[in-house]
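Just so you know, UniProt numbering puts 66 at position 66 of the sequence shown, and the rest follows in order with no gaps.
For each residue, glycine too, the CB sits at the ideal point set by N, CA and C.
Scroll down for the structure; my scribbles are underneath it.
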Amino acid sequence: MRQHFAKYRGQGAAVPPIPNRHFIFWSWLGACVAIAAIAWLSSTAGAPFFMAPFGASCVLIFGLPNSPLAQPRNLVLGHLIATVVGLVIMELLGVDWWSMGIAVASAIALMQMTRTLHAPAGATPLVVMLEKADWSFIFTPVLSGTLVLLVVGLVANNLSRERSYPEYW
1 MRQHFAKYRG QGAAVPPIPN RHFIFWSWLG ACVAIAAIAW LSSTAGAPFF MAPFGASCVL
61 IFGLPNSPLA QPRNLVLGHL IATVVGLVIM ELLGVDWWSM GIAVASAIAL MQMTRTLHAP
121 AGATPLVVML EKADWSFIFT PVLSGTLVLL VVGLVANNLS RERSYPEYW
């Protein structure tokens with residue numbers, strides 16, 4: 001039992017260093033432009049191109065662009081898979097505390113099996129279920145929003161000499 005609880009103390013690894021100011025600037029600029037572009041599209045089109053998990057996607061795309069979780073396939077397919085899972089679970093089981101748990105867990109499992117794990121997409125089935133979204137949610141906001149994030153990620157992350165994105169497709 002003592003050995004089990006010893007795990008909770010951590011392994012003594014050092015806290016990661018603060019990124020240099022140039023890296024922080026490009027992270028800030030990319031996230032600002034990406035979210036502003038999606039908000040502008042929503043406002044101009046009068047349609048929802050926006051959902052809260054996109055803010056968390058920006059953390060990965062611009063704050064950790066070399067992370068496997070930030071790569072294009074993970075961003076786009078992770079959110080799409082999680083959306084479909086949320087819609088299917090909602091149709092089959094309705095919206096309840098236990099069905100939300102099943103939806104998030106199933107989305108994680110499917111993203112793992114397809115090598116498309118994207119942490120912010122874990123919230124997408126919850127958004128689907130809480131909004132009681134219909135099947136058009138796959139296209140707007142999910143596909144359209146992730147494609148805006150991807151395009152801005154490609155441009156912003158490659159403007160700096162210090163950054164390169166993506167690692168793979």
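Our two residues, THR114 and LEU69, have alpha carbons roughly 13 Å apart in a direct line. DSSP, reduced to helix, strand and coil, places PHE50 outside both helices and strands of the structure shown, so it counts as coil.
A direct Cα-Cα distance of roughly 42 Å separates PHE5 from ALA133. A buried status is given to PHE62, since no fewer than 16 other beta-carbon atoms sit within 10 Å of its beta-carbon. The distance from the Cβ of PRO48 to that of PRO141 is about 5 Å, consistent with a contact at the 8 Å cut-off.
In the structure shown, GLY12 falls within a coil segment according to DSSP collapsed to helix, strand and coil.
In the DSSP assignment, GLY153 falls within the alpha helix (DSSP H) that extends over 144-159.
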